[in-house]
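Participant: Take this structure first; my questions come after.
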Amino acid sequence: MGMPSSTDDHQWSQQHLSHYVEGDLRPRARRRLESHARNCADCGRGIRAMRALVHAVQGIDGLAGVRAPATIFDRVRLVGSGGSPSSQHT
Amino acid sequence: MPPSAGRRGSGSADTEASLIARAQAGDVSAFERLSSWYADRLFMLLLRLLGDRGEAEDVAQEVMLRAWQGIARFRGQSSYFTWLYRIAVNEANRVLAKRARRPASVSIGARELQLPAAAAHDPSRQAENSELRRSLGEALAQLPPELRTAIVLRDVEGLSTQEAAEIAGIGQAAFKSRLHQARLRVRAAIGDETLIGIGG
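Protein chains in written order, with the working numbering: chain C, 102 to 191; chain D, -1 to 198.
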């Protein structure tokens, strides 16, 4: 079995950008991707874009502090007084 | 709300285990106390998945009802939080599937997303972020429910892959694959140059 071709490396790298950004690749796989990306502008840009995307999605949501509505248990209260949960029909 | 991790009421008189036991015996107030620890987070998740406050409020009530009706069958194989979140994801996906059959669509979370505080002082960055926020909201809204769930649970909610996969009801490898697909689609929608530009 021969060494993977550059095309193989490129396709494989493109398919593993997200895993790479997650830190999910094993050392050998990580080295393979990094080695390819050093000489591939497309994959290098892909890594930077993927990192920026994850950061943007994490940081742009400002829902912290949103409270659940006071009505959230209304339906439970409606049926709950009837008996134990095991007696309810799902 | 339980201590910061949101998992256990170790510092209070009621532990999660005791509240679960009482709820399983039919104690509604124990169920409400237990579930109220997670109510805010659960509601935020529904807002993120559905992008519509009215729908999120309706589904949140339904999630709590289903959790109450099913708590007798909760065996503790996952945490209560994971179990509750899983019900929420299933309910949200049911609503999204129903919505997909209708022509109109809501831009997910676009109105709910806010600027990071640091950027708000710089008008040009504020405009860029405002545009990015809108684009991200639209890109997320275009994702099929299972991909949207993956990116919301992992990237927005910040859950671990293991937790997120459990909530989505799939294995970790399958979850990572969905997450990858979701990120690729959002990346394509936003564009590499825009992303790299805001990434600095």
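All residues carry an ideal CB built from backbone N, CA and C; glycine is no exception. Remember, it's a predicted structure, so these values are computed and weren't measured experimentally.
Among C/Pro128, C/Glu135 and C/Arg129, whose alpha-carbon lies nearest the alpha-carbon of C/Gln115?
Facilitator: Taking only the C-alpha atoms, the option nearest C/Gln115 is C/Glu135.
Participant: By alpha-carbon positions, which one of C/Ile173, C/His156, C/Val158 and C/Val155 ends up nearest to D/Ala37?
Facilitator: Of the listed residues, the one whose Cα sits closest to D/Ala37 is C/Ile173.
Participant: Taking the alpha helix (DSSP H) that D/Gln179 falls in, what are its first and last residues?
Facilitator: Here the alpha helix (DSSP H) through D/Gln179 covers Gln170 to Ile188.
Participant: Along the alpha helix (DSSP H) that carries D/Glu161, what are the first and last residues, could you check?
Facilitator: Where D/Glu161 is concerned, the enclosing alpha helix (DSSP H) stretches over Thr159 to Ala166.
Participant: Based on Cα-Cα distance, which residue from D/Gln75, D/Trp81 and D/Glu53 lies nearest to D/Trp66?
Facilitator: Answer by Cα proximity: D/Trp81.
Participant: Quick one: what's got a C-beta closer than 6 Å to D/Val87's C-beta in the same chain, skipping five residues either side?
Facilitator: Within the same chain, D/Val87 has close Cβ partners Thr147 and Ile165.
Participant: Assuming D/Met62 and C/Arg176 make a contact with CB atoms under 8 Å, what is their CB distance in whole Å?
Facilitator: That belief holds up - the Cβ atoms of D/Met62 and C/Arg176 are roughly 7 Å apart, short of 8 Å.
Participant: Can you check which of these residues, C/Pro170, C/Leu154, C/Arg127 and C/Ala165, is closest to D/Leu134 by C-alpha distance?
Facilitator: Ranking C/Pro170, C/Leu154, C/Arg127 and C/Ala165 by Cα distance to D/Leu134 puts C/Leu154 first.
Participant: Can you tell me where the alpha helix (DSSP H) holding D/Gly156 begins and where it ends?
Facilitator: Looking at the DSSP string, D/Gly156 is not in any alpha helix (DSSP H), and its letter there is neither H nor E.
Participant: Taking C-beta to C-beta, are C/Gly181 and D/Val26 nearer than 8 Å?
Facilitator: Taking 8 Å as the Cβ cut-off, C/Gly181 and D/Val26 qualify as a contacting pair.
Participant: With a 10 Å radius around its C-beta and 16 neighbouring C-beta atoms as the bar for buried, classify D/Ser158 as buried or exposed.
Facilitator: Exposed, by the Cβ-count rule.
Participant: Please tell me whether D/Leu17 and D/Arg31 are closer than 8 Å, where the distance is taken between their beta carbons.
Facilitator: Their beta carbons are under 8 Å apart, which means D/Leu17 touches D/Arg31 by this criterion.
Participant: Buried or exposed for D/Arg100, please, with buried defined as at least 16 other CB atoms from any protein chain shown within 10 angstroms of its CB.
Facilitator: It is exposed - the Cβ of D/Arg100 has fewer than 16 other Cβ atoms within 10 Å.
Participant: Please list the residues of the stretch 134 to 150 of chain C that have a C-beta atom closer than 8 Å to any C-beta atom in chain D, keeping them in chain order.
Facilitator: Listed in sequence order: Arg146, Gly147, Arg149 and Ala150.
Participant: Please tell me whether D/Arg176 and D/Glu144 are closer than 8 Å, where the distance is taken between their beta carbons.
Facilitator: Closer than 8 Å, so yes.
Participant: By the three-class DSSP mapping on this structure, what secondary structure does D/Arg6 have?
Facilitator: With a pLDDT of 48 at D/Arg6, under the threshold of 50, the modelled position of that residue is not reliable, and the figure given next carries that caveat. Three-state result, D/Arg6: coil.
Participant: Helix or strand or just coil, what does DSSP make of D/Val93?
Facilitator: Helix, per DSSP.
Participant: Using a beta-carbon distance below 8 Å, is C/Gly181 in contact with chain D?
Facilitator: Yes, because at least one Cβ of chain D sits closer than 8 Å to the Cβ of C/Gly181.
Participant: Looking at C-alpha atoms only, which residue of D/Ile149, D/Ala163 and D/Ala95 is the closest neighbour of C/Met151?
Facilitator: It is D/Ile149 whose Cα lies nearest to the Cα of C/Met151.
Participant: How far does the alpha helix (DSSP H) with C/Pro128 in it reach, from first residue to last?
Facilitator: Pro128 to Arg139 is the extent of the alpha helix (DSSP H) around C/Pro128.
Participant: Could you name the residues of the stretch 143 to 167 of chain D whose beta carbon sits closer than 8 Å to any beta carbon of chain C, in the order they occur along the chain?
Facilitator: The residues in question are Ile149, Asp153, Val154, Gly156 and Thr159.
Participant: Identify which residue in C/Pro170, C/Ala157, C/Leu179 and C/Gly166 has its Cα closest to the Cα of D/Gly195.
Facilitator: Closest by alpha carbon: C/Ala157.
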